[in-house]
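To keep things clear, I will list the structure first and then write my remarks on it.
Numbering (the numbering used here), first residue to last: 175 to 509.
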């Protein structure tokens, strides 16, 4: 019997780092070309979650430089980020809006503010993410990666469509874009447990990567189902895409044990891409004209790939949609 290849979400943190390094070192087949500097998005409203650091910050700077009217959706406490992005991009159309993606009440308040201001989002880069060293329970009782990587995005997209913050092309003639920052770890051998969907899962350091991969599988399954539901037939009403940027030297390991940080952080800076180099696939899906001619693209680095069979299975998509709709409705009860 052929043994299945282990994926990033099947092993340890060390094995994931090794896999990411291998990906970066592989010879590149013909893939997606970077978006030329001259491609502009003047006047488009761009929202980037987790824009205070890493990939989100680098992407926000580049989108602002290309003319986007930026909304930086970040955890409270990053008051200098807005001024830094203005300075580095040369744009004044940048603003910060505080939101805690681990707290669904905060997410709903954020959506309320967008609706009250009659914001119309053209491009949403859903980047916020984390990898804690052990399970953390959110105010609503969810595991934090499940909440941040998936459920907060599910709630926001639901609210934006209902409130008119994000409008399909049939209403405006303009195709909005939603880009989810995911991971190749969504290909791990672990499956979504729909019988206990949303239930808090306790884990320690050894199982952290498994739950990270599961949260990204749920996110990718959501992305494919959302694309199917918003784009019936051959018409693209909302372009929904996802990326894995590959290994990036960010602060996603901010919750790593203190004793390991002096080792992990320099190693990531040495072996992984800088955020500025890693934003290529995100900028392509945000800016390239071809990215609103289709929906459901997945880019790993600058290579177009298919989602995993589990993530692209319509049956899983339907089960995910129905299970998460219950959680979306529950989140509204407390606001």
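Even for Gly, the Cβ is constructed at its ideal location relative to N, Cα and C.
Would you give the residue range spanned by the alpha helix (DSSP H) that residue i belongs to?
{"i": "residue 507", "result": "488-507"}
{"i": "residue 447", "result": "No alpha helix (DSSP H) holds residue 447; DSSP gives it neither H nor E."}
{"i": "residue 281", "result": "278-290"}
{"i": "residue 473", "result": "Element bounds for residue 473: not the alpha helix (DSSP H) but the beta strand (DSSP E), 472-474."}
{"i": "residue 239", "result": "228-239"}
{"i": "residue 259", "result": "255-263"}
Using DSSP bridges, identify the partner residues of residue i.
{"i": "residue 346", "result": "Per DSSP, none; premise fails for residue 346."}
{"i": "residue 458", "result": "Paired residue(s): none; residue 458 is not in a bridge."}
{"i": "residue 351", "result": "297 and 413"}
{"i": "residue 221", "result": "245 and 298"}
{"i": "residue 422", "result": "447"}
Just mark residue i as buried or exposed, buried being the case when its beta carbon has 16 or more other beta carbons within 10 Å.
{"i": "residue 361", "result": "buried"}
{"i": "residue 363", "result": "exposed"}
{"i": "residue 299", "result": "buried"}
{"i": "residue 368", "result": "exposed"}
{"i": "residue 404", "result": "buried"}
{"i": "residue 211", "result": "exposed"}
{"i": "residue 503", "result": "exposed"}
{"i": "residue 279", "result": "exposed"}
{"i": "residue 236", "result": "buried"}
{"i": "residue 268", "result": "buried"}
{"i": "residue 388", "result": "buried"}
{"i": "residue 351", "result": "buried"}
{"i": "residue 463", "result": "exposed"}
{"i": "residue 465", "result": "buried"}
{"i": "residue 459", "result": "buried"}
{"i": "residue 372", "result": "buried"}
{"i": "residue 217", "result": "exposed"}
{"i": "residue 494", "result": "buried"}
{"i": "residue 447", "result": "buried"}
{"i": "residue 328", "result": "buried"}
{"i": "residue 489", "result": "exposed"}
{"i": "residue 384", "result": "buried"}
{"i": "residue 313", "result": "exposed"}
{"i": "residue 468", "result": "exposed"}
{"i": "residue 406", "result": "exposed"}
{"i": "residue 315", "result": "exposed"}
{"i": "residue 257", "result": "exposed"}
{"i": "residue 419", "result": "buried"}
{"i": "residue 178", "result": "The pLDDT assigned to residue 178 is 44, lower than 50, so where the model puts this residue is not dependable, and the model offers no usable value."}
{"i": "residue 292", "result": "exposed"}
{"i": "residue 491", "result": "buried"}
{"i": "residue 230", "result": "buried"}
{"i": "residue 176", "result": "The pLDDT assigned to residue 176 is 35, lower than 50, so where the model puts this residue is not dependable; a value taken from the coordinates is nonetheless given after this. With fewer than 16 Cβ atoms within 10 Å of its Cβ, residue 176 is classed as exposed."}
{"i": "residue 421", "result": "buried"}
{"i": "residue 333", "result": "buried"}
{"i": "residue 399", "result": "buried"}
{"i": "residue 341", "result": "buried"}
If you follow the beta strand (DSSP E) that residue i is in, where does it begin and where does it stop?
{"i": "residue 316", "result": "That residue, residue 316, is in no beta strand (DSSP E); it is neither H nor E in DSSP."}
{"i": "residue 305", "result": "Element bounds for residue 305: n/a, residue is neither H nor E."}
{"i": "residue 272", "result": "268-272"}
{"i": "residue 327", "result": "No beta strand (DSSP E) contains residue 327, which is instead part of the alpha helix (DSSP H) from 326-337."}
{"i": "residue 417", "result": "413-418"}
{"i": "residue 245", "result": "243-248"}
{"i": "residue 479", "result": "477-479"}
Any heavy atom of the ligand HEM closer than 6 Å to the beta-carbon of residue i?
{"i": "residue 325", "result": "Of the ligands one can find in the structure shown there are none, so the ligand HEM has no counterpart to examine."}
(request) Tell me the start and end of each unbroken beta strand (DSSP E) in the stretch 353-391 that is at least 3 residues and wholly inside, in chain order. (result) With a minimum length of 3 residues, no continuous beta strand (DSSP E) run stays inside the stretch 353-391.
(request) Flag this pair as touching only if the stretch 318-327 and the stretch 236-245 have three or more C-beta atom pairs under 8 Å; answer yes or no. (result) A contact is defined here as three or more CB-CB pairs under 8 Å, and the stretch 318-327 fails this definition with respect to the stretch 236-245.
(request) Report yes or no: do the stretch 446-454 and the stretch 502-509 share at least 3 C-beta pairs separated by less than 8 Å? (result) Touching, no.
(request) Please determine if the stretch 389-396 and the stretch 478-495 are in contact, where contact requires at least 3 C-beta pairs separated by less than 8 Å. (result) Enough Cβ pairs lie closer than 8 Å, so yes.
(message) Could you check whether the stretch 338-348 touches the stretch 299-315, counting it as contact only if at least three pairs of C-beta atoms, one from each stretch, sit closer than 8 Å?
(response) Taking 8 Å as the limit for Cβ pairs, the verdict is that the stretch 299-315 does not touch the stretch 338-348.
(request) Please determine if the stretch 306-314 and the stretch 368-379 are in contact, where contact requires at least 3 C-beta pairs separated by less than 8 Å. (result) As far as the Cβ criterion goes, the stretch 306-314 touches the stretch 368-379, which means the pair count is three or higher.
(message) Check whether the stretch 245-252 and the stretch 218-232 are in contact - that is, three or more C-beta pairs closer than 8 Å.
(response) The stretch 245-252 is in contact with the stretch 218-232.
(request) Would you be able to state if there are at least three C-beta pairs under 8 Å between the stretch 486-505 and the stretch 404-415? (result) Contact between the stretch 404-415 and the stretch 486-505 is absent, because fewer than three Cβ pairs lie under 8 Å.
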